[in-house]
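Student: Can you keep this structure in mind? I'll have questions shortly.
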Amino acid sequence: MSIALPIGGPLTATPSGSALLPSSGLAAESASGGFGDVLKNAVSQVSNLEGSAQQQVTTLLQGGNADMSKVMISVEKADVAFQLMMQVRNKVVSAYQDIEKMQF
């Protein structure tokens, strides 16, 4: 049984150039580090997006020099990245449960 997760694809084609996964080559990274490292990297990047969005919102609320549209885009990027991370987590948990139910 093989499970294919949509890790590549649309994530590397974001207009701003920032993606959840580096565009330097997922195959090279997974060959050296493994699936756990890829997931750790994705979680770290989601955390960075969330921190950036939080910082921009704080700057905007304190009356700083922040563009409202850029703040909203940053918040939406963090939200979409988090939702994607949760969907990947759900797929991994579901695959684990399917494997757990198998009888050998």
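So for the sequence shown, the working numbering puts the first residue at 35; every next one is plus one.
Backbone N, C-alpha and C define an ideal beta-carbon position, used for all residues, glycine too.
I want to know whether the stretch 65-80 touches the stretch 96-106 - three or more CB-CB distances under 8 Å.
Tutor: No, because fewer than three Cβ pairs between the stretch 65-80 and the stretch 96-106 fall closer than 8 Å, the two stretches do not touch.
Student: Examine the Cβ distances between the stretch 125-134 and the stretch 82-96 and report whether three or more of them are shorter than 8 Å.
Tutor: The answer is no - the stretch 82-96 does not touch the stretch 125-134, with fewer than three Cβ pairs under 8 Å.
Student: Would you tell me roughly how many angstroms separate the C-alpha atoms of F116 and R123, rounded to the nearest one?
Tutor: Cα to Cα, the separation comes out at about 10 Å.
Student: How many Å lie between K111 and F138 at the Cα?
Tutor: Spanning the two alpha carbons is a distance of roughly 43 Å.
Student: Could you have a look at Q89 and say whether DSSP puts it in helix, strand or coil?
Tutor: Residue state, collapsed to three classes: helix.
Student: Would you identify the three-state DSSP class for D113, choosing helix, strand or coil?
Tutor: Note: D113 maps to helix in three-state DSSP.
Student: May I ask you to report which of helix, strand or coil DSSP gives F69?
Tutor: It is helical.
Student: In this structure, does DSSP put Q137 in helix, strand or coil?
Tutor: DSSP places Q137 in coil when its eight states are reduced to three.
Student: Go ahead and label Q89 buried or exposed: buried means 16 or more other beta carbons lie within 10 angstroms of its beta carbon, across all protein chains shown.
Tutor: That one is exposed.
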